[in-house]
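Asks: In the order they appear, the protein sequences are chains H and R.
Residue 15 is where the first sequence starts when you use this note's numbering, and the numbers rise one by one after that.
Residue 65 is where the second sequence starts when you use this note's numbering, and the numbers rise one by one after that.
Quick reminder that beta carbons are idealized off the backbone N, C-alpha and C, glycines included.
Please read all numbers here as calculations on a predicted model, not as lab measurements.
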Amino acid sequence: MAKADPAVPAGSAHPLSRRRPLGDRVFAIIALASGLLVLVILVLIAVSTSQQASSWFTTEGLTGVFSTTWNPGKNQFGAVAFIYGTAVTAVIALIIAVPISLGMALLLTEVVPRRWSRPIVYVVDLLAVVPSVVWGLWGILVLAPWLQGIYNSIASGVNGIWLLGTLFGGDNISGASFFTAGLILAIMITPIVTSLTREVLATTPNIDKQGAYALGATRWEMIRGVVLPHSQGGIVGSVLLGLGRAMGETIAAALVIGSSATITSHLFAPGYSMPAVIANEFGEASGEFRAALMGLGVLLFAFTIIINVIARGVVERSARRSRGA
Amino acid sequence: MAVVADQPNVDLREPPSWRRTKNRIMTWLMVLAFVLVVVPLGFVLFTVIAKGASVISWQFLTADIPINVMPANVGGMGPAIVGTIEITALATVIAVPLGVLGAIYINEYGGKGLLAQVVRFMADVMTGVPSIVMGLFIFSIWTLHYGFSGLGGAFALACLMLPIVIRSTEEMLKLVPDSLRQGSYALGATKARVTMTVVLPAALGGIVSGALLAVARAAGETAPLLFTILTVTTVNKNVFYGPNTSLPSQIFANASSAFTGAQARGWGAALTLIVIAFILMIVARLVTARFARYSS
Numbered sequence: 015m016a017k018a019d020p021a022v023p024a025g026s027a028h029p030l031s032r033r034r035p036l037g038d039r040v041f042a043i044i045a046l047a048s049g050l051l052v053l054v055i056l057v058l059i060a061v062s063t064s065q066q067a068s069s070w071f072t073t074e075g076l077t078g079v080f081s082t083t084w085n086p087g088k089n090q091f092g093a094v095a096f097i098y099g100t101a102v103t104a105v106i107a108l109i110i111a112v113p114i115s116l117g118m119a120l121l122l123t124e125v126v127p128r129r130w131s132r133p134i135v136y137v138v139d140l141l142a143v144v145p146s147v148v149w150g151l152w153g154i155l156v157l158a159p160w161l162q163g164i165y166n167s168i169a170s171g172v173n174g175i176w177l178l179g180t181l182f183g184g185d186n187i188s189g190a191s192f193f194t195a196g197l198i199l200a201i202m203i204t205p206i207v208t209s210l211t212r213e214v215l216a217t218t219p220n221i222d223k224q225g226a227y228a229l230g231a232t233r234w235e236m237i238r239g240v241v242l243p244h245s246q247g248g249i250v251g252s253v254l255l256g257l258g259r260a261m262g263e264t265i266a267a268a269l270v271i272g273s274s275a276t277i278t279s280h281l282f283a284p285g286y287s288m289p290a291v292i293a294n295e296f297g298e299a300s301g302e303f304r305a306a307l308m309g310l311g312v313l314l315f316a317f318t319i320i321i322n323v324i325a326r327g328v329v330e331r332s333a334r335r336s337r338g339a
Numbered sequence: 065m066a067v068v069a070d071q072p073n074v075d076l077r078e079p080p081s082w083r084r085t086k087n088r089i090m091t092w093l094m095v096l097a098f099v100l101v102v103v104p105l106g107f108v109l110f111t112v113i114a115k116g117a118s119v120i121s122w123q124f125l126t127a128d129i130p131i132n133v134m135p136a137n138v139g140g141m142g143p144a145i146v147g148t149i150e151i152t153a154l155a156t157v158i159a160v161p162l163g164v165l166g167a168i169y170i171n172e173y174g175g176k177g178l179l180a181q182v183v184r185f186m187a188d189v190m191t192g193v194p195s196i197v198m199g200l201f202i203f204s205i206w207t208l209h210y211g212f213s214g215l216g217g218a219f220a221l222a223c224l225m226l227p228i229v230i231r232s233t234e235e236m237l238k239l240v241p242d243s244l245r246q247g248s249y250a251l252g253a254t255k256a257r258v259t260m261t262v263v264l265p266a267a268l269g270g271i272v273s274g275a276l277l278a279v280a281r282a283a284g285e286t287a288p289l290l291f292t293i294l295t296v297t298t299v300n301k302n303v304f305y306g307p308n309t310s311l312p313s314q315i316f317a318n319a320s321s322a323f324t325g326a327q328a329r330g331w332g333a334a335l336t337l338i339v340i341a342f343i344l345m346i347v348a349r350l351v352t353a354r355f356a357r358y359s360s
C-alpha cells in the first residue's frame with residue numbers, strides 16, 4: 015500500500031520529508047473517525063438500549079420474557095405475542111410483495127425497452143417517497159373500513175372449512191388486523207425489493223441470454239433457464255432485506271394492526287407487533303413497563319441485525335461470484 | 065429451377081404452441097405486477113390530494129394546532145411545519161458532513177483494507193436498523209438526561225441518514241476517474257487537498273442528490289421522533305431546547321383520533337408532507353441531471 019500511495023513523495027532520502035503535512039494527517043484522522051462512527055453508533059445502540067432494558071430481563075427471567083402473557087396492569091410482560099405478530103405480518107408482506115417485485119424487476123430488465131423502464135422506475139420510487147405515516151393514515155381511515163366488509167364476507171364463507179377457516183375465519187373480524195398490516199407492509203417493501211432484485215437481474219451476462227434465444231427458447235424459457243438460476247442468490251438476499259424492513263416498519267403497522275396482544279391463527283383478527291407496541295405505549299410507560307418495551311426494542315434490533323448481516327452476506331457473495339464468472 | 069419446385073411446402077412460422085402461450089401468460093403477469101403497484105399508489109395520492117387540498121390554506125400552514133374536537137376550518141399545522149423544517153435541517157447539518165467524510169475514508173483512505181470493508185458492510189447493515197430503534201437509542205442516551213428537544217429528534221434522524229449518505233456518496237466517489245487523482249498528485253498536491261479540491265467537486269452532483277434523497281426519507285419519519293421531541297401545539301423556534309413537534313408526529317396523533325376535524329387536519333398535514341418530500345426528490349433528480357459529471 016505504502017509504495018503504491020502516490021501521496022507519499024517517492025524516493026525522498028530524508029525521513030522527515032516522507033511525513034505528510036499536519037493538515038493532511040488531521041484530515042485523514044477526521045475521515046477515519048467519521049467512518050468508525052458507524053461502528054460506534056451500532057455498538058452504542060446495543061449497549062444503551064440493553065442497559066435500559068436490563069431490569070426486564072433480570073426480573074422476568076427467560077420464562078417471563080418468552081411467555082405469552084402481556085398484562086402491564088399486573089406487571090406481566092411476555093414478548094411472544096409481539097414476536098408472533100411481527101413474524102406473521104412480515105410473512106404476509108413477503109408472500110404478497112415478493113412475486114410482485116420479482117415480476118416488476120423482470121418486466122423492467124427483460125421486457126420493456128429502456129426508454130420505458132425509466133418512467134416505471136420513477137413510479138416505483140414514488141411508492142418509497144410516500145412516508146410510512148401517510149400509508150398508516152390511509153390504511154386506518156380508508157383501507158381498513160373498506161376491507162372490513164370484504165373480511166366479513168370471506169370469513170362467513172370459509173368458517174368451518176379446514177385450514178381456510180383457521181386462517182381467514184374466526185368471529186373477531188376487524189378491518190385493522192394482521193392481514194391489513196401485512197398488506198400495507200407489502201406495499202412499503204415493494205420498492206426496495208424491486209430495486210435490489212433489478213440490480214441483481216441486470217448482472218446476467220448478455221451472452222448467456224442470447225445463447226438461450228439462439229437455442230430457440232421463448233423469453234420466459236430464457237428467464238427460467240438463464241436469468242433466474244444466475245440471480246438466485248441475489249434474489250434470496252433482497253428478499254431477506256425486504257423481510258428486515260417489514261419487521262422493523264413501525265408507524266404504518268402501529269396504526270393498522272389493531273393493537274391487541276393476542277396470538278391467534280385468524281389473520282383477520284386484530285394483533286400487535288414489536289415496533290407497533292413500542293410506538294403506541296412507550297410514551298406513557300414507566301418503570302418495568304418501559305424496560306419491557308425497551309427490551310422489545312433490543313430484541314427487534316437483534317433480529318433485524320442478524321437478518322441484515324445474513325442478507326448482505328448473501329448479496330455480496332453472489333455479486334462476487336457473478337463478477338468472477 | 066426444378067429443384068426449387070420439388071421442395072416440400074414448409075411453413076416457417078412457428079405454430080401456436082403451449083410454450084408460446086406460457087410465454088405470453090408470464091409477460092402479462094409481469095404487467096399485472098406493475099398494475100398492482102400503481103393501483104395503491106394512485107389510490108393513496110388521490111385520497112391525500114382530495115382530502116388534503118380542501119383543508120390547506122395560508123391559515124392552515126401558519127396557525128397553531130387546535131385541540132382535536134375543533135372542526136377542520138379552525139387552526140392549522142404551523143408548529144409542525146416549522147418543527148419538521150428545523151429538525152430535518154439540523155439532522156442534515158449533522159449527518160451529511162459526517163457521512164461524506166465516512167465515505168471519503170472508505171473510498172479514498174481505506175480502499176480494500178479490512179477495516180474499510182467492515183465499515184462499508186456495517187453501514188449497509190445500519191440502513192436496515194428499524195427507525196423505532198433509533199428513537200429508543202437517542203431516548204436512552206440523550207432524552208433521558210437532557211429532556212425532550214428538537215436536537216434529540218435531529219440526532220435520531222441523523223442516525224438514520226448517516227448510512228444512506230455514506231453509501232450513496234461512496235458510490236459517487238467510486239465513479240471519479242483515477243486519472244484525475246493522479247494528475248493532481250503529479251502537481252504535488254497532498255492527499256487531503258486532492259480529495260477536497262478535485263475528487264469532491266467532481267462527484268458533487270451525485271453527492272448532493274443522494275443527500276437530498278436521504279433528507280426526503282428522514283423528513284417523513286415518525287418513529288424516531290415519538291420519544292425524542294414529544295408534541296406541542298405552538299411554534300417552538302428553539303430547536304435546541306424544549307419539546308417540539310413535526311408533521312409526521314401530528315399525522316400519527318390525528319390518525320388515531322375519532323374527531324373528523326382532527327382527521328381532516330391529518331390529511332392536510334399528509335399532503336403538506338408529501339409535497340415537501342416530492343419537491344426534495346424532484347430537486348435531487350434535477351441536480352443529478354444538471355451536475356452529474358460521471359454517472360453509472
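(1) Using a C-beta to C-beta distance shorter than 7 Å, which residues of chain H count as neighbours of ASP75 of chain R?
(2) If you draw a straight line from the alpha carbon of ARG329 of chain R to that of ALA282 of chain R, how long is it in whole angstroms?
(3) By Cβ distance below 6 Å, which residues in the same chain neighbour VAL351 of chain R in space, the five residues on each side in sequence not counted?
(4) Compare the Cα-Cα distances from VAL448 of chain R to each of H:TRP130, H:PRO145 and H:ILE109 and report the closest residue.
(5) Would you say the beta carbon of MET261 of chain H comes nearer than 7 Å to a heavy atom of the ligand MG?
(6) Distance, Cα to Cα, ALA228 of chain H vs GLU234 of chain R?
(7) Which of the residues in the region 250 to 283 of chain R, read from start to end, lie with their CB under 7 Å from any CB of chain H?
(8) Can you tell me the Cα-Cα spacing of LEU243 of chain R and ILE44 of chain H, whole angstroms?
(9) Helix, strand or coil for PHE342 of chain R, going by three-state DSSP, please let me know.
(10) Just the chain H side, please: which residues come within less than 7 Å of ILE168 of chain R by C-beta, in chain order?
(11) From this set, H:PHE91, H:GLY87 and H:GLN66, which residue's C-alpha is nearest THR77 of chain H's C-alpha?
(12) Run down chain H in chain order and give the residues with a C-beta less than 9 Å from the C-beta of ASP128 of chain R.
(13) Taking GLN7 of chain R as the query, report the chain H residues whose CB atoms sit under 7 Å from its CB, ordered along the chain.
(14) Give a yes or no on whether 8 Å exceeds the smallest Cβ distance from ARG326 of chain H to chain R.
(15) Residues of chain H with CB closer than 7 Å to the CB of PRO30 of chain R, please, in chain order.
(16) So, with DSSP's three-state summary, where would you put SER121 of chain R?
(17) Any idea if ALA266 of chain H is buried or exposed, counting beta-carbon neighbours within 10 angstroms, 16 or more meaning buried?
(18) Among all the DSSP beta bridges, which residues are the ones paired with GLY306 of chain R?
(19) Considering PRO133 of chain H, what are the terminal residues of the alpha helix (DSSP H) in which it resides?
(20) Rank H:VAL329, H:ILE320, H:ARG331 and H:ASP222 by C-alpha distance to the C-alpha of LEU56 of chain H and give the top, closest one.
(21) Around the C-beta of ILE145 of chain R, are 16 or more other C-beta atoms found within 10 angstroms, so that it is buried, or is it exposed?
(22) Return helix, strand or coil for MET65 of chain R, following the three-state DSSP convention.
(23) Verify the CB distance criterion: does LEU162 of chain R have a CB-CB separation below 8 Å to chain H?
(24) Could you tell me whether the Cβ atoms of GLY199 of chain R and THR292 of chain R are closer together than 8 Å?
(25) Take ALA222 of chain R and list the residues in its own chain whose beta-carbon comes closer than 7 Å to its own, dropping the five residues that flank it on each side.
(26) TRP70 of chain H lies in the alpha helix (DSSP H); which residues open and close that run?
(27) Tell me which residues share the same chain as ALA14 of chain H and place their Cβ nearer than 6 Å to its Cβ, disregarding the 5 neighbours each side in the sequence.
(28) Start and end of the alpha helix (DSSP H) containing TRP152 of chain H?
(29) What does a CB cutoff of less than 6 Å around ILE230 of chain R pick up in its chain, not counting 5 residues either side in sequence?
(30) For ILE59 of chain H, tell me which candidate among H:GLY174, H:SER336 and H:PHE315 has the shortest Cα-Cα distance.
(31) Hey, how far is the Cα of SER64 of chain H from the Cα of SER313 of chain R?
(32) Could you tell me which residues DSSP pairs with ASN85 of chain H in its beta bridges?
(33) In whole angstroms, what separates the C-alpha of ILE170 of chain R from that of THR148 of chain R?
(34) With distance defined between alpha-carbon atoms, name the residue in H:GLU213, H:ARG238, H:GLY297 and H:MET308 nearest to GLU330 of chain H.
(35) Just list the alpha helix (DSSP H) runs in the region 269 to 297 of chain R, keeping only unbroken ones of 4 residues or longer that don't cross its boundaries, in chain order.
(36) From this set, H:ASN89, H:GLN66, H:LEU116 and H:PHE80, which residue's C-alpha is nearest LEU210 of chain H's C-alpha?
Replies: Quick answer:
(1) Taking the first residue of the second sequence as 1, we reach residue 75 of chain R at position 11. Going along chain H, no residue has its Cβ under 7 Å from ASP75 of chain R, so there is no contact; the nearest lies around 16 Å.
(2) Translated into positions along the second sequence, residue 329 of chain R becomes position 265. Translated into positions along the second sequence, residue 282 of chain R becomes position 218. Those two C-alpha atoms are separated by around 21 Å.
(3) Here residue 351 of chain R refers to the residue found at position 287 of the second sequence. Apart from the 5 residues on each side of it in sequence, VAL351 of chain R sits with its Cβ closer than 6 Å to the Cβ of GLY269, VAL272 and SER273 in its chain, given in chain order.
(4) The question about residue 448 of chain R has no answer, for chain R in this structure spans 65 to 360.
(5) In the structure shown, the ligand MG is absent, as is every other ligand, since no ligand is present at all.
(6) Counted from its first residue, the first sequence places residue 228 of chain H at position 214. Counted from its first residue, the second sequence places residue 234 of chain R at position 170. Cα-Cα distance, rounded: 40 Å.
(7) Those residues of the region 250 to 283 of chain R that come within reach of chain H (Cβ to Cβ, closer than 7 Å) are THR254, LYS255, ALA256 and ALA280.
(8) Here residue 243 of chain R corresponds to residue number 179 of the second sequence, with the count starting at 1. Here residue 44 of chain H corresponds to residue number 30 of the first sequence, with the count starting at 1. The sequence given here has Ser at residue 243 of chain R, not Leu. Each residue's Cα considered, the two are about 25 Å apart.
(9) Here residue 342 of chain R refers to the residue found at position 278 of the second sequence. Helix, per DSSP.
(10) Numbered from its first residue, the second sequence carries residue 168 of chain R at position 104. Chain-order list of chain H residues neighbouring ILE168 of chain R: ALA45, by C-beta distance under 7 Å.
(11) Sequence index remark: in the first sequence, residue 77 of chain H carries index 63 (1-based). Comparing Cα-Cα distances from THR77 of chain H to each of H:PHE91, H:GLY87 and H:GLN66, the minimum goes to H:PHE91.
(12) The residue you call residue 128 of chain R lines up with position 64 of the second sequence. In chain order: nothing, as chain H lies at least about 21 Å away.
(13) The question about residue 7 of chain R has no answer here: the residues shown for chain R are numbered 65 through 360.
(14) Your numbering for residue 326 of chain H matches position 312 in the first sequence. Taking Cβ atoms only, chain R reaches closer than 8 Å to ARG326 of chain H, which makes this a yes.
(15) Chain R is shown only over 65 to 360; residue 30 of chain R falls outside these bounds and no answer can be derived.
(16) Taking the first residue of the second sequence as 1, we reach residue 121 of chain R at position 57. SER121 of chain R falls in the coil class under three-state DSSP.
(17) Here residue 266 of chain H refers to the residue found at position 252 of the first sequence. Classification for ALA266 of chain H: buried.
(18) Numbered from its first residue, the second sequence carries residue 306 of chain R at position 242. GLY306 of chain R is bridged by DSSP to R:SER213.
(19) The count along the first sequence starts at 1 and reaches residue 133 of chain H at position 119. In this chain, the alpha helix (DSSP H) harbouring PRO133 of chain H covers 128 to 143.
(20) Along the first sequence, read from residue 1 onward, the residue named residue 56 of chain H stands at position 42. The shortest CA-to-CA distance from LEU56 of chain H to any of H:VAL329, H:ILE320, H:ARG331 and H:ASP222 is the one to H:ILE320.
(21) As a working note, residue 145 of chain R is residue 81 in the second sequence. Buried, since its Cβ has 16 or more Cβ neighbours within 10 Å.
(22) To locate residue 65 of chain R, count along the second sequence from 1; it is residue 1. Its pLDDT being 48, under 50, MET65 of chain R is placed unreliably by the model, and the measurement read from it follows with that caveat. Three-state result, MET65 of chain R: coil.
(23) Within the second sequence, the letter at position 98 stands for residue 162 of chain R. Taking Cβ atoms only, chain H reaches closer than 8 Å to LEU162 of chain R, which makes this a yes.
(24) Here residue 199 of chain R corresponds to residue number 135 of the second sequence, with the count starting at 1. Here residue 292 of chain R corresponds to residue number 228 of the second sequence, with the count starting at 1. Yes, the Cβ-Cβ distance between GLY199 of chain R and THR292 of chain R is below 8 Å.
(25) Residue mapping note: residue 222 of chain R aligns to position 158 of the second sequence, counting from 1. ALA155, ILE158 and ALA159, listed in sequence order.
(26) Along the first sequence, one-based indexing puts residue 70 of chain H at 56. For TRP70 of chain H, the enclosing alpha helix (DSSP H) begins and ends at 36 to 79.
(27) The structure shown has nothing for residue 14 of chain H, since chain H only spans 15 to 339.
(28) Within the first sequence, the letter at position 138 stands for residue 152 of chain H. Counting along the chain, the alpha helix (DSSP H) containing TRP152 of chain H begins and ends at 146 to 152.
(29) Within the second sequence, residue 230 of chain R is the residue found at index 166, counting from 1. These residues qualify, in order along the chain: GLY163, GLY166, ALA167 and ALA187.
(30) Translated into the one-based positions of the first sequence, residue 59 of chain H becomes position 45. When the alpha-carbon of ILE59 of chain H is set against those of H:GLY174, H:SER336 and H:PHE315, the nearest one is in H:PHE315.
(31) For the purposes of this step, residue 64 of chain H is taken as residue 50 along the first sequence, with counting starting at 1. For the purposes of this step, residue 313 of chain R is taken as residue 249 along the second sequence, with counting starting at 1. Looking at the two C-alpha atoms, the distance is approximately 26 Å.
(32) Sequence index remark: in the first sequence, residue 85 of chain H carries index 71 (1-based). Under the DSSP definition of a beta bridge, ASN85 of chain H partners with H:GLN90.
(33) Translated into the one-based positions of the second sequence, residue 170 of chain R becomes position 106. Translated into the one-based positions of the second sequence, residue 148 of chain R becomes position 84. Taking the straight line from one Cα to the other gives about 31 Å.
(34) Start at 1 with the first residue of the first sequence, and residue 330 of chain H comes out as number 316. That would be H:GLU213, whose Cα lies nearest to the Cα of GLU330 of chain H.
(35) Those alpha helix (DSSP H) runs which fall completely within the region 269 to 297 of chain R and span 4+ residues are 287 to 290.
(36) Counted from its first residue, the first sequence places residue 210 of chain H at position 196. Looking at the Cα atoms, H:LEU116 is the closest of the given residues.
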